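Protein chains in written order, with the working numbering: chain A, 5 to 512; chain B, 638 to 1119.
All C-beta atoms in this analysis are idealised placements derived from N, C-alpha and C, irrespective of residue type, glycine included.
No experiment lies behind these values; they were computed from the predicted model shown.
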Amino acid sequence: MNMDFSQHLLSILIWLPIAGGVLLLIIGDDGDAESSRAGLMRIVALSVSVVTVLVSIGLYAGFDNAATGMQFTEKASWVAALNVFYSLGVDGLSTPLILLTAFITPLVIITSWDTIKLRPAQYFAAFLILEGLMIGVFSALDALLFYVFWESMLIPMFLIIGVWGGKRRVYATLKFFLYTFLGSVLMLVAFIYLYGQTGGFDLFGFMDAPLTLTAQKFIFIAFLLAFAVKVPMWPVHTWLPDAHVEAPTGGSVVLAAIMLKMGGYGFVRLSLPIAPDGSEYFSGMMIALSLIAVVYIGFVALMQTDMKKLIAYSSIAHMGFVTLGFFLLWSFDGGSGAALGMAGGMVQMISHGLISGAMFLCVGVLYDRVHSREIAAYGGVANTMPIFSAFMVLFAMANAGLPGTSGFVGEFMVIIASFKANFWFAFLAASTLILGAAYTLWMVKRVIYGEVANDNVAALKDLNGREFLVLAILAISVLIIGLWPAPLIDMMNVTIEQLIEQVGHSKL
Amino acid sequence: MTGHVMNLMDYLVAAPEITLLGLICVVLIADLFIDNEHRVRTFWISMLSLALLLAVLGWSAPDARTVIFSGSYVSDPLSQILKVAAVIFVAITFMYSRDYLRANDIHKGEFYLLGLIGLLGMMIMMSANSLLTMYLGLETLALSQYALVAIDRNNVTSAEAAMKYFILGAIASGSLLYGISWIYGMTGSLQFHEIAAAVSADPSLNDLPLWFGLAFVIVGIGFKFGAVPFHMWLPDVYQGARTPVTLYIATAPKLAALALILRILVDGLGALHETWAAMILVIAVLSLLVGNFVAIAQTNIKRMLGYSTIGHVGFVLLAIFCGTGQGNAAALFYMLTYVIAAAGAFGIVILLSRRGYDAEFLSDFKGLGTRSPWFALMMMFLMFSMAGVPPFVGFFAKLNVISAVIDSGYTGLAVLMLLVTVIGAYYYLRVIWYMYFEEAEDQAVLQASADTKVVLSLNSVAVLALGIAPGWLLALCVQILG
């Protein structure tokens, strides 16, 4: 077989982790998390995920920032009877998200190294399979393939929360599954409708299809339900705090860092180009929902007593910036505002992926030691865990949007864009600078600073090498993107311009 | 028409049924000489018979649609695929049942014998080209099913289920026969192609008297499928029958029911599509709703799978409701793949049972993830497939039906179907929840022969394999009915 490595790069990125996961499942657990077999599993899992990162570096290196259209494309017939293709490709919107996915997974595996005692092989297998499926979502160019990856992804996450989660894990994971399943099936109806219009499931075919305004409105709403649940947007966000609180640390990290991004990605990949007029019609509503998420959910976050819940709500508020940035598109009379908002939303997705992942890891570090997520159970952690506290303060600052961290870049771009659009949008959006700082820093104050609160805190041991490694890698990434975001923005500029151009052409 | 003179070639086309009848006699007589201790020999003779039957099916397949026996019998690609599938599922049923029957002291030759006679009935239905042939096949199947349900005659619930099944089944048969008599009276023929010709030649036939007969026929069909409101027998029989019998009823006969509806409504009364579509729509939507909602409340897994069957029947009927080749092909694909999943699911219920203990409650699945990680994984595949979650084949089955429904212009109906699917997902997820998220109450080791385990594993992996590569089966279904 004549296999050209670079032509199948995306397939390798998808199937390598899945194959690794299946391998782990076949070898199986022996009921002892300390055995040499369990140790071998961990090494296999880590190796597979690290090799995936190396392959993804190939993707980064080979990606041409100046090129328009899809790169690394692959196309083969999959289900001929339905005209479905195994069609893959990436552009400036999906490449950063694939890199993020590949980057986060090994960190999750390192974090869970010896904290998972129950069936570790299955745990690691679930994460590897999930990684492959998520990369599949970001690279699929055929709507049905996209849908298959999108839905299959629920299975490993359902099990991760349900098997390795907290006390109310069954409730949380069923809610997670059914909520997202319900949102997604309507997207399937839209796909089948578009299939009827175009005779295939090719996304570009969907984008080129002429559609009436009514059809576009229905399609937009069908997509909106799928993506708004995933983002999640107010008022369909209620599954997220439950899922986050009950999920094991690794699950929370993947959920926050990557799965939420699927919703944002869906808007730019599907909603905007397929139903541009429908999107324009609903853009006012989308902006309103985004601002509600930013302001109202910000206040909700302020009131939380559970650290994971607080970060979950903060995620919803931060994801509000993403949707705000995307749907500002029609609020300008020319100028560069549209591109700025869009790029801001994209940067915010990547940055939030890193920061929220890091925040959940920090909570995980504390939880592993004290087995409580309550803010009130801590106090004065800085006295016993100085290194950890330094990291946590850094990530909290980043979460609050401190200049110099990645959190600043995306939020600032979106706020500037909204200033160009409408003063009140900007006013409400900018309130996050206060609210975000308030809820994050208040939590940090209560957990990290002050006197040692109790014996548990007094007995805390600082980070071990493994935890240090993971947090350090994330801290460096947050700072790099904060100080020098140009490579990231350059990667998506051409695609964003192309997208704005495409959305600008009415289908009517 | 070559029909009116019987010749040797006719017998060749009907060779599978004739062979099976002969083999049934062989099994019947051979079983007399086998004592209880060596009853497994009857099993092997039956399995050999089925293998031989498969070979005959392959060998005798005509290249094109062939109508024989004065127009009473047809052999076409549809009958061929359904028969091959039915033979395979009966063989799978025997395979999964053997150990259970032996362990529970009901390992009787009659199980295999009645199973084979039922198969004969199914094959006659699949090849029926006249209402009378269809009725004969239906009764052959039904009578052996009644007897099968009662096979454990000392078991009160089985006896009750058999009685219920028999009485309701008899009423349904009567209804079907009454409807047939009206159709015969109006069109002057029992053969499907002649009925179709009569209706298209004289459109004035498409009126109340024929619709009256049609309504009774649909009652019979609805009963056979277990569609609401003719579903009352189904949960009771599924629960009351011993699990191998439930497995038998839940698999191959569904394919015969599909033949029943396709032959009568599509082949025979296709011109009345508008009329029967309205009736089918009502029972299909009711089945969808009742099946999925009531399944949520079940604690007995056999009963739950019974209600879930009713929900799936709703999907199949909605595919046929479309009245398009696409819809019929989708129905065929759905039924074939559903039966694969049902066979696997009941196979696992049997696997969990042991001497004197039927694992028929959902709670028996608790902790299966640790007791038997492999079969828990298999059950998970089957449940996700039934729930219609990709990448399992159940997703493609639902996709095809929904696609057919949307193409026929019923987008609202498609949305309803999908919403019900989400509700249905809950009770399938509950099985997975019990298997993986709960501690085991029962620590007994699963006992099964290696051959059963292998077949069961292949059966379950098939729902994943077909989900990843559904193209060929889909193309086949479209080729046959599209």
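Query: Closer than 8 Å to chain B by CB, A:E38; Result: no
Query: Chain B contact residues for A:S156, given Cβ-Cβ distances below 8 Å; Result: V1026, P1027 and P1028
Query: Among A:Q75, A:F336 and A:N403, nearest to A:G508 - alpha-carbon criterion; Result: A:F336
Query: CA-to-CA distance, B:G1031 to A:S275, given in whole angstroms; Result: 27 Å
Query: B:V704 (DSSP reduced to helix, strand or coil); Result: strand
Query: Nearest candidate by alpha-carbon position, reference A:P252, set A:G166, A:A49 and A:T388; Result: A:G166
Query: Cβ pair count under 8 Å reaching 3, the region 427-438 of chain A against the region 472-480 of chain A; Result: no
Query: A:D212, DSSP secondary structure in three states; Result: helix
Query: Same chain, Cβ closer than 8 Å to A:T64, five either side skipped, listed in chain order; Result: Inspection of the sequence shows that residue 64 of chain A is occupied by Tyr rather than by Thr. The answer, listed in chain order, is T99 and L103.
Query: Selected residue, minimal CA-CA separation from B:Y944, among B:V1042, B:I858, B:Y1064 and B:A833; Result: B:Y1064
Query: Chain B residues whose Cβ lies nearer than 8 Å to that of A:V189; Result: L1055, L1056, T1058 and V1059
Query: Beta-bridge pairing of B:Q828 - partner residues as DSSP gives them; Result: B:S767
Query: Nearest-angstrom Cβ-Cβ length linking B:G806 and B:L778, presumed shorter than 8 Å; Result: In fact, because the Cβ distance is near 10 Å, the residues do not count as touching under 8 Å.
Query: C-alpha distance - A:S481 paired with A:L358, whole-angstrom precision; Result: 8 Å
Query: Close beta carbons around A:E284, own chain, < 6 Å, minus the five adjacent residues each side; Result: W334
Query: For B:L999, the nearest candidate out of B:K939, B:Q963, B:F1012 and B:R991 (CA to CA); Result: B:K939
Query: Every unbroken alpha helix (DSSP H) inside the region 431-467 of chain A [4 residues or more]; Result: 459-462
Query: Unbroken stretches of the alpha helix (DSSP H), 4 residues or longer, contained in the region 739-821 of chain B; Result: 746-763 and 768-786
Query: Three-state class that DSSP yields for A:D310 in the structure shown; Result: strand
Query: Proximal residues of chain A, C-beta to C-beta of B:T880 below 7 Å; Result: Under the 7 Å cutoff, chain A gives no residues; its nearest Cβ is about 27 Å from B:T880.
Query: A:I139 at chain B interface by Cβ criterion, 8 Å; Result: no
Query: Touch test, the region 1042-1061 of chain B against the region 1003-1017 of chain B, Cβ-Cβ under 8 Å, three pairs minimum; Result: no
Query: A:T388 - containing alpha helix (DSSP H), residue span; Result: V385 to T388
Query: Complete alpha helix (DSSP H) runs within the region 1000-1025 of chain B (minimum length 4 residues, chain order); Result: 1005-1008 and 1010-1024
Query: Inter-residue CB distance, A:D95 and A:Y175 (contact presumed, cutoff 8 Å); Result: No, A:D95 and A:Y175 are not in contact; Cβ-Cβ is about 39 Å, not under 8 Å.
Query: Contact belief for A:G73 with A:L145 at Cβ below 8 Å, rounded distance in angstroms; Result: About 11 Å separates the two Cβ atoms, so there is no contact after all.
Query: 8 Å contact criterion, which B:M823 and B:L842 should meet: CB distance rounded; Result: 6 Å
Query: Residues near A:A70 by beta carbon distance below 7 Å, same chain, minus five either side; Result: V498
Query: Closer than 8 Å to chain B by CB, A:N6; Result: Annotation note: pLDDT 44 at A:N6 (below 50); position unreliable, no value reported.
Query: Closer than 7 Å at the beta carbon, the chain A residues around B:P1010; Result: G32
Query: Per DSSP, the bridge partner or partners of B:V711; Result: B:V704
Query: Nearest residue (CA-CA) to A:V54, options A:I114, A:D33 and A:F76; Result: A:I114
Query: Three-state class that DSSP yields for A:L406 in the structure shown; Result: coil
Query: Through-space distance from A:G454 to A:M389, alpha-carbon basis; Result: 13 Å
Query: Secondary structure of B:G960, DSSP reduced to three states; Result: coil
Query: For A:T119, the three-state DSSP class (helix, strand or coil); Result: coil
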